[in-house]
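Residue numbers (this note's numbering), protein chains in the order written: chain F, 1 to 253; chain R, 1001 to 1292.
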Amino acid sequence: MATHAGGLTATTAAVHIRDLHRSFTDESPVLTGLDLDIEAGEFVALLGRSGSGKSTLLRALAGLDQDAFGTGEITVPHQVSVVFQDSRLLPWQRVLSNVVLGLEGGGAKARGKEALAEVGLAGRERAWPRELSGGEQQRVALARSLVREPELLLADEPFGALDALTRIKMHGLLRALYERHRPAVLLVTHDVDEAIVLADRVLVLDAGKVASEVRIELEGHRDPSDPRFAAIRTELLAALGLAGGVEITQEES
Amino acid sequence: MTAVDTETRETGSGASPPASHDEAASGRASKPRGKRRLGPGKAIPFGYLVGPLLLLGIWAWGSAQGWIDPRILSAPWTVAATGWDLWESGRLGPDLLVSARRFALGLTIGVLVGLVLAIASGLSRWGEAIVDGPVQIKRSIPNLALLPLLLLWFGIDERMKIITIVLGVLIPIYIHTHNGLRSIDGRYAELAETLRLSQGAFIGRVVLPGALPGFLLGMRFAVTSSWLSLVVVEQVNATSGIGYMMLLAGTYGQTDIIIVGLVLYALLGLGSDTIVRLIQRRALSWRRTLED
C-alpha cells in the first residue's frame, strides 16, 4: 500500500511518486509504474484520454482509493485540498458553513469570510448552495479548499461542468488565487487549452504512465491565438494521439 | 424559473404543426405562468384542514337531516356540549393531562432510542448486524400482541404504558432515519474524508442533517403511533386517561362521551402532526421540492 507520509519533503518537492500501480480489476491495470514529482508551488496540469488513469492518480494522491489495489510509493504534503468536478457543497449548510466545514477555532469564521471575498462572493455567506449558480458553487468549493491553506491542491476537472464563458472567468480566478497562495497544484482536465492557459507544466498520461510532458514557457498573458500557444497545443494533441490540432479541439470542446 | 418553463414549453410544442406552434409560443411565453405545468402546484392556505372539515361537514349534515341515529353516532353539537360539560365538571382535564403526559414521555424516549439505534446501525456494520434484525422482528409484531407479555413483565403501572408507547414509536423513527442515513450521497463522505472531518463533525454536519428528511418523516409516523399505543394501553387496565374515560362510557352506553374521546384523539393527532409538518418546513428550508 502507498504511504502517506507527512510534509517532511514538502520544502523541495510537494509530490513524490515512484512506481505507482493501481488497478480495479485483474485484467486491466489503470496505473502501471507511474513516476511523478511536483515541486512545491508548481502548477501541473494532467491531460489524458478517458480511462487513461487521470482520476485514479488524483484519487491516489487524495487518499480516496480504498476501492483500488496496487503498490507504489507516494509522498504528499500534510495539507492537501481537493476540488471535485461537482462543487460538492452540503445542501443543508449555508455557504459560509460549507467553507469552514471541519475547521476549528475562533478565527475560522473570519478566515472563511475572507476566502469567500477572495473568490468574489462576499455577502453571500448566508445563502443556501442551491441559490447559487454553477460557477458560484464552484467558487465556494475553491474558497473551501483555499481556506485550509493547502500545500497541495488537487483539482479533478473542476470546470468541466461549467459553460464556456464561466470557465474562462474561472481560469483567471484560479490563476490569481494560485499566484497569491502558491500551493502546488495538480489539475486534471480534458481541455488542452485550459491546461496551457493555467499550468507551468503539462503532463500527458497514457497507458498508466506519464507519456510526455511539456513545460509551458509563455510570458505574460497566455493567448490561445498566439502562434506559440498553438504550437504547444498541436504538440499536446499529438501526444494525446490526435493529429491535425485545431479542428479537432473545437470538435472536442 | 420562467425562462426554463418557456424553453421547455417551446421545445415541447415543437412537435405540433408549425402554424399553431408560433401562436402558442408567442401567446404563452409573454407572461409568467402562475403555476408549474407538472407537479401539484401552489400550496392551498390551510389546505390540510380541508379534508377533516369536509368529514365534519358530512357528519353535521347527516345528523341534522336525521340520517344518523344519535344512539350510534351522536351529533357534533351534542359531542361538543358533552365535551364542554366534562371540561366544566373537571372530569376531562385530569384525564387529558395524564394522557398527554404519557404521550410526551413515550414519544420522547422512543424517539431518542430509535435515533440512537438508527445511528448505530447506519454507521457501523456491526451495529447493523446486531440492531437491525431485532427491530425488524419487533416491527412485524403488533403492540397489541405484545401487551399480555408486557403486562406480565411490567405490571399495570405507568412504566408498562410508557414502554408500550416507546416500542411503538421507535420503529418508525428507526426505519426512516436509518433509510435517510443510508441514502446520503456517498460523495459527501468522500468530501468529509478529504476535509479530514472528525467522526463527531461528520455525524453532526453530514450524517444527521442528511438523515433529517427521513427522520422527520419517521417523526410523523411516530407521533401517530404514539397516540395509537396510548389508546391501547389506556383501554387495558387503566384507571385514568382519555381511553379509560371512553371505556367507562362504553359500559354505560354513553355514545357522546366515547365520541368526545375519539374527537380528542383525532384533534391531538392532527395537532401534533401539524406541528411536525411545520418543523419539517422550517428545518428543511434548504431543499427545493415539489412541496414548495
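Every residue, glycine too, gets a C-beta built ideally from N, C-alpha and C. Owing to the predicted nature of the structure, the values given are computational and were not obtained by experimental measurement.
Extent of the continuous beta strand (DSSP E) to which residue i belongs
i, result
"GLY33(F)", "29-39"
"ILE17(F)", "13-23"
"ILE74(F)", "73-75"
"ASP156(F)", "152-156"
"ARG180(F)", "That residue, ARG180(F), is in no beta strand (DSSP E); its alpha helix (DSSP H) goes 164-181."
"GLU213(F)", "209-215"
"PHE1154(R)", "Premise fails: PHE1154(R) lies in the alpha helix (DSSP H), 1143-1154, not in any beta strand (DSSP E)."
"GLY48(F)", "43-48"
Residue i Cβ short of 7 Å to the ligand NAP heavy atom set
i, result
"ALA14(F)", "Absence of the ligand NAP is noted for the structure shown, with no ligands found whatsoever."
First through last residue of the alpha helix (DSSP H) which encompasses residue i
i, result
"ILE1165(R)", "1158-1182"
"SER97(F)", "95-99"
"GLU1088(R)", "1076-1088"
"ASP1095(R)", "1092-1123"
"GLU1234(R)", "1208-1234"
"PHE229(F)", "227-239"
"LEU1273(R)", "The sequence shown places Asp at residue 1273(R), not Leu. Element bounds for ASP1273(R): 1255-1283."
"ASP206(F)", "Counting along the chain, ASP206(F) falls outside any alpha helix (DSSP H), though it belongs to the beta strand (DSSP E) covering 201-206."
"SER145(F)", "134-146"
"ALA115(F)", "108-118"
"LEU1191(R)", "1186-1194"
"SER1063(R)", "1050-1064"
Interface partners of residue i on chain F, CB under 7 Å
i, result
"ALA1201(R)", "GLY102"
"LEU1191(R)", "ARG88"
Interface residues of chain R facing residue i [CB-CB closer than 9 Å]
i, result
"VAL15(F)", "Within chain R, no residue comes near VAL15(F); the closest Cβ sits about 16 Å away, beyond 9 Å."
"ARG130(F)", "TRP1286, ARG1287 and ARG1288"
Own chain, CB closer than 6 Å to residue i, minus 5 neighbours either side, in chain order
i, result
"ARG222(F)", "VAL197"
"MET1246(R)", "ILE1258 and GLY1261"
"LEU103(F)", "none"
"GLY241(F)", "none"
"SER1026(R)", "Annotation note: pLDDT 48 at SER1026(R) (below 50); position unreliable, no value reported."
"ALA207(F)", "none"
"GLY1062(R)", "ILE1068"
"GLN1280(R)", "LEU1216"
"THR1078(R)", "ASP1256"
C-beta contact flag for residue i and residue j at 8 Å
i, j, result
"GLY41(F)", "ASP19(F)", "no"
"ARG1118(R)", "HIS1178(R)", "Sequence check: residue 1118(R) is Ala here, not Arg. It is a contact, given that the beta carbons lie within the stated cut-off."
"ALA1211(R)", "ILE1184(R)", "yes"
"VAL119(F)", "LEU173(F)", "yes"
"PRO1076(R)", "ALA1060(R)", "yes"
"GLY1180(R)", "GLY1155(R)", "no"
"SER1099(R)", "GLY1204(R)", "no"
"ARG1093(R)", "TRP1087(R)", "The question names Arg, but residue 1093(R) is Gly in the sequence shown. Yes, these two residues count as a Cβ contact at 8 Å."
"GLY123(F)", "ALA161(F)", "no"
"GLY1218(R)", "LEU1230(R)", "no"
"ALA199(F)", "VAL83(F)", "no"
"THR1274(R)", "LEU64(F)", "no"
"SER87(F)", "GLN137(F)", "yes"
Cβ-based neighbour list, residue i, same chain, cut-off 8 Å, excluding 5 preceding and 5 following
i, result
"GLU151(F)", "GLY7, ALA10, ALA14, ALA40, PRO77, HIS78, GLN79, VAL80, PRO183 and ALA184"
"VAL213(F)", "Sequence inspection shows Glu at residue 213(F); the Val mentioned does not correspond to that position. Around GLU213(F): ARG201, VAL202, LEU203 and VAL204."
"ALA1283(R)", "LEU1212 and LEU1216"
"ARG1139(R)", "ILE1171 and ILE1175"
"TYR1188(R)", "VAL1206 and GLY1210"
"LEU1278(R)", "none"
Cβ distance (whole Å) where residue i is taken to contact residue j below 8 Å
i, j, result
"ARG94(F)", "ARG139(F)", "Actually they are not in contact, since the Cβ atoms of ARG94(F) and ARG139(F) sit about 15 Å apart, beyond 8 Å."
"ILE1165(R)", "SER1226(R)", "5 Å"
"ILE1162(R)", "ARG1102(R)", "6 Å"
"LEU47(F)", "LEU31(F)", "The pair is not a contact, with the Cβ atoms about 15 Å apart (cut-off 8 Å)."
"ARG144(F)", "GLY70(F)", "The Cβ separation is near 29 Å, so there is no contact."
"ALA115(F)", "VAL147(F)", "4 Å"
"ALA195(F)", "ALA45(F)", "4 Å"
"GLY1122(R)", "ARG1182(R)", "6 Å"
"HIS257(F)", "GLU149(F)", "Any answer about residue 257(F) is impossible in this case: the structure gives chain F only from 1 up to 253."
Proximal chain F residues relative to residue i, where beta-carbon distance stays under 8 Å
i, result
"TYR1188(R)", "ARG88 and LEU90"
"PRO1209(R)", "LEU90, TRP92 and GLN93"
"ARG1282(R)", "None at all; the shortest Cβ gap to chain F is about 13 Å."
Same chain only: Cβ atoms within 7 Å of residue i, ignoring 5 sequence neighbours per side
i, result
"GLU157(F)", "GLN85, VAL188, THR189 and HIS190"
"ALA239(F)", "VAL204, ALA211 and SER212"
"THR1082(R)", "ASP1256, ILE1257 and VAL1260"
"GLY1271(R)", "none"
Neighbour list for residue i in chain R, Cβ cutoff strictly below 8 Å
i, result
"ALA62(F)", "THR1194"
Within chain R, partners of residue i - CB distance below 7 Å
i, result
"LYS82(F)", "Inspection of the sequence shows that residue 82(F) is occupied by Val rather than by Lys. Those are THR1194, listed as they occur along chain R."
Chain F contact residues for residue i, given Cβ-Cβ distances below 9 Å
i, result
"ARG1205(R)", "LEU90, TRP92, GLN93, SER97, LEU101 and GLY102"
"LEU1197(R)", "LEU101 and GLY102"
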